[in-house]
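Peer 1: Following this message is one structure expressed as structure tokens.
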Amino acid sequence: MDIERFKGKVALITGGASGIGAATARRIADEGGTVVICDRYGSAAAELADELGGTAFQLDVTDLERTVEVVSGLERVDVLVSAAGVDVCDTVPNTTPDEWRTILDVDLTGVYNSCRAVLPRFVVQGGGAIVTISSAIGTVGERNRSAYCAAKAGVENLTRAMALDHGPDGVRANCVAPGLIDTPLIRNGKVSGADDPGAMQAMVDRHHALGRIGQPSEVAAAIAFLASDDASFITGAILPVDAGWTAQ
């Protein structure tokens with residue numbers, strides 16, 4: 399890629415070994431950035447980091463102490479992409495307390511932990527960019543996804559709050575809200591009906607005006623824009639990358 403929007407910059411990406419996180423690591427590296435790939439699957443993170451000339455850490459984002467330790471050990475960090483996430487598909491009565499806690503711990507508290515670790519660095523250095531990952535159903539809701547909807551809605555408002563709190567410090571915080579994207583979460587059938595091609599196409603037809611599933615690289619392009627200086631006057635935004643889902 400000819401453009402080098404991230405030349406001289408370091409981007410820390412949680413959930414960076416697969417899916418949207420991995421696509422974002424590739425995009426930022428292609429644009430000249432140095433990537434720090436954090437994932438609970440340390441070997442997969444290391445493999446991708448070796449390919450991209452970056453650094454890898456095994457990291458469970460629910461562990462605040464370890465997250466702070468990783469960030470503290472970096473010489474610099476300019477961008478945080480908080481992409482780690484899990485999903486459970488069910489209603490409130492059918493979602494166990496353990497499942498509820500797991501979704502909230504990873505998808506919402508994990509974002510808080512990552513941001514809590516980097517924000518003091520960003521404030522001291524006079525700036526930085528945070529991009530969080532929500533979902534179309536963090537904005538509009540969906541059947542049988544109660545815990546995930548709640549967590550992702552929380553991510554959106556947490557992002558807005560950070561934008562307001564830390565704009566005076568030169569920190570920008572934005573969020574992307576993808577629709578159905580071809581990631582391991584989808585391919586492994588974690589979304590209800592995802593293991594049935596007919597059911598998945600019906601979901602796409604119902605929600606996506608463009609009539610197809612999205613690719614991780616398409617979300618990564620939006621993340622790279624928000625993390626770059628091209629978005630220097632954008633903060634507190636929730637950017638739909640959802641083929642028109644939330645336009646309905």
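In our numbering, each residue carries its 1-based index in the sequence shown increased by 398.
Backbone N, C-alpha and C define an ideal beta-carbon position, used for all residues, glycine too.
Considering only the beta carbon of each residue, do Thr530 and Val509 sit closer than 8 Å?
Peer 2: As a first step, residue 530 must be located in the sequence shown, where it is residue number 132. As a first step, residue 509 must be located in the sequence shown, where it is residue number 111. It is a contact, given that the beta carbons lie within the stated cut-off.
Peer 1: How would you label Lys550, buried or exposed, when you count the other beta carbons within 10 angstroms and need 16 or more for buried?
Peer 2: Here residue 550 refers to the residue found at position 152 when the sequence shown is read from its first residue. Flag for Lys550 reads buried.
Peer 1: Could you tell me the distance, in whole angstroms, from the CA atom of Arg425 to the CA atom of Thr644?
Peer 2: Stepping through the sequence shown from its first residue, residue 425 is reached at position 27. Stepping through the sequence shown from its first residue, residue 644 is reached at position 246. If you take the alpha carbons of Arg425 and Thr644, they lie about 26 Å apart.
Peer 1: Do Ser480 and Thr412 have their CB atoms nearer than 8 Å?
Peer 2: Here residue 480 is taken as the residue at index 82 of the sequence shown, counted from 1. Here residue 412 is taken as the residue at index 14 of the sequence shown, counted from 1. Going by C-beta atoms, Ser480 is nearer than 8 Å to Thr412.
Peer 1: Among the residues of its own chain, which have a CB less than 8 Å from the CB of Asp567, if the five just before and after it don't count?
Peer 2: Taking the sequence shown and counting its residues from 1, one reaches residue 567 at position 169. Within the same chain, Asp567 has close Cβ partners Phe520, Val521, Gly524, Gly525.
Peer 1: For a quick check, are the C-beta atoms of Val516 and Leu478 less than 8 Å apart?
Peer 2: Here residue 516 is taken as the residue at index 118 of the sequence shown, counted from 1. Here residue 478 is taken as the residue at index 80 of the sequence shown, counted from 1. Yes, the pair counts as a contact, with Cβ atoms nearer than the cut-off.
Peer 1: Suppose the cutoff is 6 Å on Cβ atoms and the five residues either side in sequence are ignored; what does the same chain contact list for Thr453 look like?
Peer 2: What you label residue 453 is simply residue 55 of the sequence shown in a count that begins at 1. Val434, Ala447.
Peer 1: Does DSSP classify Arg474 as helix, strand or coil?
Peer 2: The residue labelled residue 474 in the question sits at position 76 within the sequence shown. In this structure, Arg474 counts as coil in the three-state DSSP scheme.
Peer 1: Can you look up Ile435 in the DSSP assignment and give me helix, strand or coil?
Peer 2: The count along the sequence shown starts at 1 and reaches residue 435 at position 37. In this structure, Ile435 counts as strand in the three-state DSSP scheme.
Peer 1: Which residue wins for smallest C-alpha separation from Asp476, given the options Leu506, Pro518, Arg558?
Peer 2: Along the sequence shown, read from residue 1 onward, the residue named residue 476 stands at position 78. Per the Cα distances, Pro518.
Peer 1: Work out the CA separation of Gly539 and Gly642 for me, nearest whole Å.
Peer 2: Within the sequence shown, the letter at position 244 stands for residue 642. Within the sequence shown, the letter at position 141 stands for residue 539. Cα-Cα distance, rounded: 15 Å.
Peer 1: So what's Phe631 in DSSP terms, helix, strand or just coil?
Peer 2: Counted from its first residue, the sequence shown places residue 631 at position 233. In this structure, Phe631 counts as coil in the three-state DSSP scheme.
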